[in-house]
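Note that the numbering used here has the sequence shown beginning at 3, numbered continuously upward.
Take a look at the structure set out below.
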Amino acid sequence: MTANTADDSDVRVDIAELLRAVLSRWLRVIVVTVALLVITFVILMLMPRLYESSAGVLVEQRQNAFTGASPQSSISAEALMSSQIELIRSRDTLLSVIDSENLRTVPEFADAGFSPVGFVMRLLGRADERRNIDQQVLSNLYDRLSVSRERDSAIISVSVTSEDPQLAARLANAIANAHVKRRADLTLADTAEASGWLEQEITKLRTRVQEAEAAVAQYRIRNDLFMGSNQTSLPDQQLSTISDQINAAQERKNNAASRAALIRSVLASGQPIDGVTDIRANPIIAQLTQNRADLQAELAQRSATLLDSHPTMQALRAQIGEVNAQIAAEARRVATGLDAEARVEGDIEASLRDDLARVKITASTATESTVQLDALEREARAQRDLLESYLGRYREALSRTESNSILPDVRVVTIAAPSVTPASPKTGLTLGAVAFVAIMLQVGGILFGELMSGRALVSRSPGSYARVTQPETYPPTEMVTERRIEMVDQSVASAPAQDRASVAPVVAAVAQPAAAAAAVSELRRADVGPRQAEAGTPLSNLSADIALGRARVIVLAGVEDEADCRLVSEKLAADATARGLSVVTVDAGSGQVTGAAGLTDLASDGSSFGDVVHKVHDGLANVPWGTIRKLERRSMKPLTLIEALSDLYEVVIVSTGRLSLASSLAVFAGIDCRLVLVSRDREDRLPIEAATEEAEALGFAGAQIVSPPDSAETA
Numbered sequence: 003m004t005a006n007t008a009d010d011s012d013v014r015v016d017i018a019e020l021l022r023a024v025l026s027r028w029l030r031v032i033v034v035t036v037a038l039l040v041i042t043f044v045i046l047m048l049m050p051r052l053y054e055s056s057a058g059v060l061v062e063q064r065q066n067a068f069t070g071a072s073p074q075s076s077i078s079a080e081a082l083m084s085s086q087i088e089l090i091r092s093r094d095t096l097l098s099v100i101d102s103e104n105l106r107t108v109p110e111f112a113d114a115g116f117s118p119v120g121f122v123m124r125l126l127g128r129a130d131e132r133r134n135i136d137q138q139v140l141s142n143l144y145d146r147l148s149v150s151r152e153r154d155s156a157i158i159s160v161s162v163t164s165e166d167p168q169l170a171a172r173l174a175n176a177i178a179n180a181h182v183k184r185r186a187d188l189t190l191a192d193t194a195e196a197s198g199w200l201e202q203e204i205t206k207l208r209t210r211v212q213e214a215e216a217a218v219a220q221y222r223i224r225n226d227l228f229m230g231s232n233q234t235s236l237p238d239q240q241l242s243t244i245s246d247q248i249n250a251a252q253e254r255k256n257n258a259a260s261r262a263a264l265i266r267s268v269l270a271s272g273q274p275i276d277g278v279t280d281i282r283a284n285p286i287i288a289q290l291t292q293n294r295a296d297l298q299a300e301l302a303q304r305s306a307t308l309l310d311s312h313p314t315m316q317a318l319r320a321q322i323g324e325v326n327a328q329i330a331a332e333a334r335r336v337a338t339g340l341d342a343e344a345r346v347e348g349d350i351e352a353s354l355r356d357d358l359a360r361v362k363i364t365a366s367t368a369t370e371s372t373v374q375l376d377a378l379e380r381e382a383r384a385q386r387d388l389l390e391s392y393l394g395r396y397r398e399a400l401s402r403t404e405s406n407s408i409l410p411d412v413r414v415v416t417i418a419a420p421s422v423t424p425a426s427p428k429t430g431l432t433l434g435a436v437a438f439v440a441i442m443l444q445v446g447g448i449l450f451g452e453l454m455s456g457r458a459l460v461s462r463s464p465g466s467y468a469r470v471t472q473p474e475t476y477p478p479t480e481m482v483t484e485r486r487i488e489m490v491d492q493s494v495a496s497a498p499a500q501d502r503a504s505v506a507p508v509v510a511a512v513a514q515p516a517a518a519a520a521a522v523s524e525l526r527r528a529d530v531g532p533r534q535a536e537a538g539t540p541l542s543n544l545s546a547d548i549a550l551g552r553a554r555v556i557v558l559a560g561v562e563d564e565a566d567c568r569l570v571s572e573k574l575a576a577d578a579t580a581r582g583l584s585v586v587t588v589d590a591g592s593g594q595v596t597g598a599a600g601l602t603d604l605a606s607d608g609s610s611f612g613d614v615v616h617k618v619h620d621g622l623a624n625v626p627w628g629t630i631r632k633l634e635r636r637s638m639k640p641l642t643l644i645e646a647l648s649d650l651y652e653v654v655i656v657s658t659g660r661l662s663l664a665s666s667l668a669v670f671a672g673i674d675c676r677l678v679l680v681s682r683d684r685e686d687r688l689p690i691e692a693a694t695e696e697a698e699a700l701g702f703a704g705a706q707i708v709s710p711p712d713s714a715e716t717a
């Protein structure tokens, strides 16, 4: 293996010397560290103990139904919490706490204390300006106050530190309560402002409602749009009444005409007229009918003693016939009367229809006017509804304002309690940090001193590092590792006797490092040039090249059949995985649609790179044809996929199918690979030469020719 090393005159760092230098001064390191710890402990003991207490404030969504706005706030939760924190830290809130807790008389907050900056400024003759007591107390309270949001919750913690734990708890609770009171006052002020605004709007709306209702009444009067008892206009009521009268007159006319026709039909047929209702109701006909009945009774009585030719019998029959004639004449007069009644009802119907036409004209005019009336009524109704809504809100807001029953949008959920453990100073943590820093600084100083003095630098001996040289014609990517030497030995042992001679120089080069460069260079020269000049290369030689790392990307193209490429791909993949190499096979020529995503899906942007590579087992992966029947040849993704797979896998085998116009070989033109033409009939040189020329036309430098294995051999 090649190693780039420095000249023999270079120096190196002696780690052992550095360790000895540190260990030789361990006593001084411990003494200095202990001294610093003692000084730090004394300083910590002299520092005042500060106790911290915290109160929790819950922030809820603020809702105010009296302003007419939506209850949902447009402010985000983060902005709302930040606003609440700033309100808690505001000057007005803290001044109310200072007044309620009388902090101006507490020395801890009223005194200025020692300030290193102020001390230096006083030494320079530039003393800072004197601040009044409120500014001093506010400054100290700001320094002792911490307001923060509890993670992603709606709770704000108000923490105060003080030398007195009781005072710290009292101040935390006072600040939280002052904020709640201030929010309640703000909410009450908002409600009071809303009630005042509502009162002004109600006054305006009352005037608008009166004007709208007056406009409706005046429009009714101007256009005679009066309403009846059932909230319908007078023209509509008249139309309904006249229509009913027309229907009744028409019904009476038809009834009278039908009764008259019935009477005439009965008279014409010679049937008894007594069954007709109008005939029975006529008093004259009733009297004549009674006379006829008496005569018929007398005739029947006399027929018992007199013959039919007797004058009395003839006289009775003549009287009965005269009565029947009178009844028929009277019935005709009844039919004539019914005809007259029908004509009268017809005249009434015609008159009513004339009235209906006039009312329709009036109603159409009223309907056109009703459109504008409806618009005026809608406007008046809308103004009235808005007025009633504002009146309800105003009454509720006024009642809440007068009774001070406003709930603020914050409330205290955690009451601060006096702390029993000081929050500052942290003695253990501070001492640990001082000890660590003291030790690291001393050790670093010792190491730096040793390096600067040169005691830890020693000259590098010429034999310390072996340097292996090799010719420039042997690139580092083709170096043979011990693992591949074993794989070549196994491939040679399993190869046929006639093929062992071709790989013997490589095995010898691997076994003898001194001749490795020459052997590999000879093999490289043998690969240069058109492959069509060779009569064919055994498949075992190609497997050996893969094992030696001389071929990492193999592109297979069939001369006769696509199945030959598949057999060679399976054979090469089996040999490489048997030797412990990681292999990925790419189906770019079968054209067989698969259920899993593959190369065609990647080329058509239907799948990503990670979706088309499917693991078969450890060391072997597969890229199938895909779910799309046709490969998109203009896509650059298949070429990018092969380049990416060559970085992830040791061997990439691409099967492009039979070399023809439909072959996918052109998709992989320009990639650094070894092109392998698969042909069963090596004697027929014409197809092989044509395939080679076509490959060269696509941009491939040369092609290696192999024969596919038998089915039994592949199995």
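We treat Cβ as the ideally placed atom computed from N, Cα and C, and that holds for glycine.
- Inter-segment contact for the region 559–575 and the region 598–605 is absent: fewer than three beta-carbon pairs are separated by less than 8 angstroms.
- Rounded to whole angstroms, the Cβ separation of residue 259 and residue 344 is 4 angstroms, and the two are in contact under 8 angstroms.
- Our two residues, residue 263 and residue 333, have alpha carbons roughly 11 angstroms apart in a direct line.
- In the three-state reduction of the DSSP assignment, residue 312 falls in the coil class, being assigned neither a helical nor a strand state.
- Under the DSSP assignment, residue 617 falls in the beta strand (DSSP E) whose first and last residues are 616–619.
- The closest CA to that of residue 618, considering only 290, 25, 579, is found on 579.
- Under the 10 Å beta carbon count, residue 167 is surrounded by 16 or more other beta carbons and is classified as buried.
- Burial of residue 175 is indicated by the presence of at least 16 other C-beta atoms within 10 angstroms of its C-beta.
- Taking a cut-off of 8 angstroms for Cβ pairs, the region 683–691 and the region 650–659 do not touch, as fewer than three such pairs fall below it.
- Shortest Cα-Cα distance from residue 41 to any of 543, 621, 437 involves 437.
- Straight across, the Cα-Cα distance linking residue 675 with residue 594 is about 25 angstroms.
- By the Cβ criterion, the region 619–634 is in contact with the region 580–592, since at least three pairs of Cβ atoms, one from each stretch, lie closer than 8 angstroms.
- Remark: C-beta atoms of residue 149 and residue 100 do not approach each other more closely than 7 angstroms.
- Assignment of residue 651 by DSSP, reduced to helix, strand and coil, places it in the coil class.
- The three-state reading of DSSP puts residue 583 in coil, since its state is none of H, G, I, E or B.
- Secondary structure of residue 273 (DSSP, three-state): coil.
- Following the DSSP letters along the chain, one finds residue 289 inside the alpha helix (DSSP H) bounded by residues 285–304.
- In the DSSP assignment, residue 706 is bridged to 678.
- C-alpha of residue 396 to C-alpha of residue 59: approximately 31 angstroms in a straight line.
- With respect to the 7 angstroms criterion, residue 389 and residue 218 are not classified as neighbours on the basis of their beta carbons.
- In the assembly as shown, residue 411 is a buried residue. Its beta-carbon has 16 or more other beta-carbons within 10 Å.
- The region 124–209 contains, as complete alpha helix (DSSP H) runs of 4+ residues, the segments 135–146 (chain order).
- Counting along the chain, residue 447 sits inside the alpha helix (DSSP H) bounded by residues 429–455.
- CA-to-CA, the gap between residue 677 and residue 16 works out to about 53 angstroms.
- In the structure shown, the three-state DSSP call for residue 52 is strand.
- Residue 455 and residue 439 have their C-alpha atoms some 24 angstroms from each other.
- In this structure, the alpha-carbon of residue 542 lies about 10 angstroms from that of residue 708.
- With 16 or more other CB atoms across the displayed protein chains lying within 10 angstroms of its CB, residue 142 is buried.
- Separation of residue 592 and residue 659 (C-alpha to C-alpha, rounded to the nearest whole angstrom) is 6 angstroms.
- Taking C-alpha positions only, residue 53 is separated from residue 430 by approximately 17 angstroms.
- About 5 angstroms separates the Cβ atoms of residue 57 and residue 160, confirming a contact at the 8 angstroms cut-off.
- About 6 angstroms separates the CB atoms of residue 55 and residue 162; that is less than 8 angstroms, so the two are in contact.
- By the criterion of at least three beta-carbon pairs nearer than 8 angstroms, the region 307–314 is not in contact with the region 279–292.
- Taking the Cα of residue 382 as reference, the smallest distance to any Cα among 590, 216, 448 is reached at 216.
- Excluding sequence positions up to five before and after residue 553, its CB lies within less than 6 angstroms of the CB of 547, 676, all in the same chain and listed in chain order.
- Linking residue 335 to residue 283 through their CA atoms gives a straight-line distance of about 13 angstroms.
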